[in-house]
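Numbering of the sequence shown is given in my numbering, commencing with residue 5 and proceeding in unit increments.
Each residue gets a CB set at the ideal place from its N, CA and C atoms; glycine is no exception.
Data first, discussion second: the structure below is written as structure tokens.
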Amino acid sequence: MITRRGLMQSAGALSLAAGLGMPAFGQARPFTFVSWGGALSALEKEAFMDPYAKKFGIEIVNTSPTNNAKLKAMVEAKAVEWDLVDVGGRTIFQGRDQDFIEPIDYNIVTNAKNLDKGWVTSHGVFTATGATIIAWNDKAYPGGKGPQSWKDFWDVKNFPGARGLYKLFYYNYEAALLAAGLKREEIYPATDEKVKQAIAKCQEIKPHVKVWWTAGAQPPQLLSSGELAVSSAWSGRILDALKEKAPIGYTYKDGIAWGNAYVVPKGTPHKETAMKVLNYAIGEEAQDRLLAIGTYGPVLASSAAKATPEQAAKLVMHPSNAKDMLIINDEQAGLYMTKHEEAWSKFQLG
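Right under this line is the structure:
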């Protein structure tokens, strides 16, 4: 029986779906994978999605960018348009706690047993590695003599020029505390005291930050043009720009290493396929392809071990690079991002 209340609820869901540009009630559609765009989306399409589609004879639509607010709204409206989503690792824990992503079915995602346990969680699996690193314009610091640490990044006397930093507190909390002299093992847990210290440290550099970037494409563009002398940046974006001979230098020293996490939206009509695609992405066949592409590296150790010396130099988690990096704690990042969002917003506006 159709009731007035039922009609109103249906109308509300349809309205929200329309507002989000989504088809209502999961109309028949192809499997859809969503990522951040740029070098990362290109890599995932080449290494994971296209080979899977060809091997198993299905259509996969690749789209971008990831938008966590939209993901959550789709689930709440019961109008899920995405089936597998590459998110920041902190979203695994937020999605778990707020119940908008599915638990991973490890009866299907069996390749997870071959990964280091740090790449596997109850509601998401990491499929590739990257880092937030320090990159610079070659003319600003010729001869490869750019900042080699976050302490150097904050040193505007010896390393003058306009800075770029990510707009969110994510990465900046870690970078600021490293610049303040904390050791890597002291960064977490993210206490109220450490958050205050990080924001105070960011206040020091704020007059020199010309751009608070929001998209991964911005740092390489702004560094190449000379608008910025130095910026935080995603490693894959920098490596991709260097393929085009961009006038950019970079260092992995003091980098903030992270993984690209795949989650499955709650209520997707393609849940089983999503688990199968995820399982394929962390298998050796797919992970091996990341080496030749050369932007983001494998999470599978057996694939990383096949890297040539030239490839290894670009791999964030290769021992020669990982020893100089902080591996981000996404669960802690999710906590400080949520708890201290207002304080960070006030800092940005002040």
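Residues in the same chain with beta-carbon distance under 7 Å from residue i, minus the five sequence neighbours each way, listed in chain order, please.
| i | result |
| --- | --- |
| Gly287 | Asn115 |
| Met26 | Reliability of the predicted coordinates at Met26 is poor, the pLDDT of 43 falling under 50, and no value is obtained from them. |
| Leu282 | Leu88, Val113, Val129 and Tyr266 |
| Ser45 | Ser39, Asn66 and Ser68 |
Whole angstroms is fine: what's the gap from residue i's alpha carbon to residue j's?
| i | j | result |
| --- | --- | --- |
| Gly150 | Phe37 | 37 Å |
| Val124 | Pro107 | 12 Å |
| Ala308 | Asn118 | 13 Å |
| Asp244 | Phe351 | 32 Å |
| Ala221 | Ser228 | 11 Å |
| Pro223 | Ala166 | 12 Å |
| Ala326 | Asp101 | 30 Å |
| Glu345 | Gly240 | 27 Å |
| Pro273 | Ala305 | 33 Å |
| Asn3 | Tyr192 | The structure shown does not extend to residue 3, since the chain spans only 5 to 354, so no value can be given for it. |
| Phe97 | Val268 | 13 Å |
| Ile332 | Val91 | 14 Å |
| Lys210 | Trp238 | 20 Å |
Identify which residue in the options has its Cα closest to the Cα of residue i.
| i | options | result |
| --- | --- | --- |
| Thr131 | Val79, Glu289, Ser235 and Ile138 | Glu289 |
| Lys187 | Ala278, Met329 and Glu335 | Met329 |
| Cys206 | Tyr175, Arg241 and Glu63 | Tyr175 |
| Ala233 | Pro251, Asn111 and Leu319 | Pro251 |
| Leu226 | Lys143, Ala183, Ile191 and Gln201 | Lys143 |
| Trp140 | Leu75, Thr255 and Val213 | Thr255 |
| Ala43 | Phe97, Tyr192, Ala32 and Glu248 | Glu248 |
Could you pull out every residue in the same chain whose Cβ sits closer than 8 Å to the Cβ of residue i, ignoring the five residues on either side in sequence?
| i | result |
| --- | --- |
| Glu50 | Arg293 and Ile297 |
| Ile64 | Pro34, Phe35, Thr36, Phe37, Met53, Asp54, Tyr56, Ala57 and Val281 |
| Thr277 | Phe35, Ile62 and Asp87 |
| Thr133 | Ala261, Trp262, Gly263, Asn264, Tyr300, Gly301, Pro302, Val303, Leu319, Val320 and Met321 |
Identify the continuous beta strand (DSSP E) that holds residue i and give its terminal residues.
| i | result |
| --- | --- |
| Ile252 | Ile252 to Val267 |
Please confirm whether any heavy atom of the ligand GDP lies closer than 6 Å to the CB of residue i.
| i | result |
| --- | --- |
| Gln222 | With respect to the ligand GDP, the structure shown offers nothing to examine, as it has no ligands at all. |
In the DSSP assignment, what residue or residues form a beta bridge with residue i?
| i | result |
| --- | --- |
| Asp90 | Tyr266 |
| Asn66 | Phe37 |
| Val129 | Val124 and Tyr266 |
| Leu169 | Trp216 |
| Ala135 | Ala261 |
| Pro302 | Ala132 |
| Leu330 | Ile260 |
| Phe235 | First, the amino acid is wrong: residue 235 is Ser here, not Phe. BP columns for Ser235 point to Ala139 and Gly168. |
| Ile105 | Pro269 |
With a CB to CB cut of under 6 Å and the five nearest residues on each side skipped, what residues in its chain are close to residue i?
| i | result |
| --- | --- |
| Trp348 | Phe173 |
| Ala179 | Trp154 |
| Gly259 | Ala135, Ile137 and Met329 |
| Lys360 | Absent from the model: residue 360. The displayed extent of the chain is 5 to 354, so no value can be given. |
Taking the alpha helix (DSSP H) that residue i falls in, what are its first and last residues?
| i | result |
| --- | --- |
| Arg241 | Ser239 to Lys247 |
Residue i CB to nearest chain C CB: under 7 Å?
| i | result |
| --- | --- |
| Leu295 | Absent from the structure: chain C. Only one protein chain is present. |
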